[in-house]
Amino acid sequence: MIDPRAIIDPSAVIGADVKVGPWTMVGANVEIGDGSDIRSHVVIMGPTKIGKNNRIYQFSTVGDDTPDLKYKGEPTELIIGDDNVIREGVTIHRGTVQDRGKTVIGDKNLLMAYVHVGHDSVIGSNCILVNNASLAGHVIVGDWAILSGFTLVHQFCHIGAHSFAGFGCGISKDVPAYVTVSGMPAEAKTINVEGLKRRGFSAESIAAIRRGYKIIYRQNNTVEEALVALAPIATEFPAVQLLVDSLTQSQRGIVR
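Taking our numbering, I'd label the letters of the sequence shown as residues -11 to 244.
Following this line, the structure appears as structure tokens:
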């Protein structure tokens, strides 16, 4: 199942039932989990750990050095979970010692063509990054977030769980959980109601999240004032606690 035209370093660890296509290069200190399918013309550099049942399509570069000028060749990592789909031309860089030293991607994500994941970024699980979405270094993306095509995310931004960014967004501040943003620069518009319905959120929880959004964005509250007002709602509706947590963890300020 490994094409004889593939180039695989002797130190690479290849799991059971892994397919590797022609003219793919797998470098030193790379681990590829069982059942993964690596298509042709892929470059995987290490140290990189790739979990089970991942599909990586042609012309992607996974686990190479970052172009960050502070990076001086230190041993850093890329860690990818299970069941991810990484489409054509995606670039994913390892971390730097100036941050966590690793780039991390969770499970069941879809990274569409020409997505870029910069050094030290963390992507949760069940996320979708549409064609040409790009994360600068140190970006954190929560579970179930969707970044539409050509979305650009500035370094150190946090993208909250279940949030949605419209086509061509320029995100330079944190996006709270559940919030839909659009524009260049990005502005908050509403909550991601359709996504929450698809994921089984109850009507009551969605209504509570909507109340939380209005407290933040429609009542001219500061983040600190909003947190006080959100506390009793989060006690009654646990889903709102995720919104509270995303506000508490924000360091760049939130998209308005």
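Each residue gets a CB set at the ideal place from its N, CA and C atoms; glycine is no exception.
Cβ of residue i within 8 Å of Cβ of residue j?
i, j, result
"Asn114", "Asp131", "yes"
"Arg240", "Cys157", "no"
"Gly137", "Phe155", "yes"
"Pro164", "Ile204", "yes"
"Ser24", "Lys37", "no"
"Asn180", "Tyr201", "no"
"Ser109", "His126", "yes"
"Glu175", "Val243", "yes"
"Ala149", "Leu135", "no"
Among the options, which has the Cα closest to the Cα of residue i?
i, options, result
"Phe47", "Gly148, Lys60, Arg199, Val14", "Val14"
"Gly171", "Arg198, Thr139, Leu235, Tyr59", "Thr139"
"Pro55", "Thr49, Gln207, His81", "His81"
"Glu19", "Met33, Arg27, Asp233, Trp11", "Met33"
"Gln143", "Gly112, Asp87, Tyr102, Leu99", "Asp87"
"Ser28", "Pro10, Pro35, Ile44", "Pro10"
"Thr79", "Leu135, Val30, Asp70, Ile134", "Val30"
"Ile74", "Leu57, Arg186, Thr49", "Thr49"
I think residue i touches residue j, with their Cβ atoms under 8 Å apart; what is that distance to the nearest whole Å?
i, j, result
"Thr168", "Lys177", "5 Å"
"Asn42", "Asn72", "5 Å"
"Gly328", "Leu123", "One cannot answer for residue 328 here, as it falls past the ends of the chain, which runs -11 to 244."
"Ala8", "Asp(-9)", "Here the sequence assigns Val to residue 8, which means Ala is not the residue at that position. That belief holds up - the Cβ atoms of Val8 and Asp(-9) are roughly 6 Å apart, short of 8 Å."
"Ala219", "Leu235", "Actually they are not in contact, since the Cβ atoms of Ala219 and Leu235 sit about 11 Å apart, beyond 8 Å."
"Asp22", "Ala4", "5 Å"
"Ile53", "Tyr59", "For the sequence presented, residue 53 should be read as Asp rather than Ile. About 6 Å; that satisfies the 8 Å criterion."
"His147", "Ile128", "In the sequence under discussion, the amino acid at residue 147 is Ile, which differs from the His named in the question. That belief holds up - the Cβ atoms of Ile147 and Ile128 are roughly 7 Å apart, short of 8 Å."
Buried or exposed: which applies to residue i, given that a residue is buried once 16 or more other Cβ atoms fall within 10 Å of its Cβ?
i, result
"Ile(-5)", "exposed"
"Glu246", "Outside the displayed range of the chain (-11 to 244) lies residue 246, so it cannot be described from this structure."
"Met(-11)", "exposed"
"Val216", "exposed"
"Asn208", "exposed"
"Thr12", "buried"
"Gly83", "buried"
"Leu57", "exposed"
### Message
When you compare the segment 91 to 100 with the segment 60 to 69, are there three or more beta-carbon pairs, one atom per stretch, that lie closer than 8 Å?
### Response
yes
### Message
Quick test of the definition: if touching needs 3 or more C-beta pairs under 8 Å, does the segment 190 to 208 touch the segment 219 to 234?
### Response
yes
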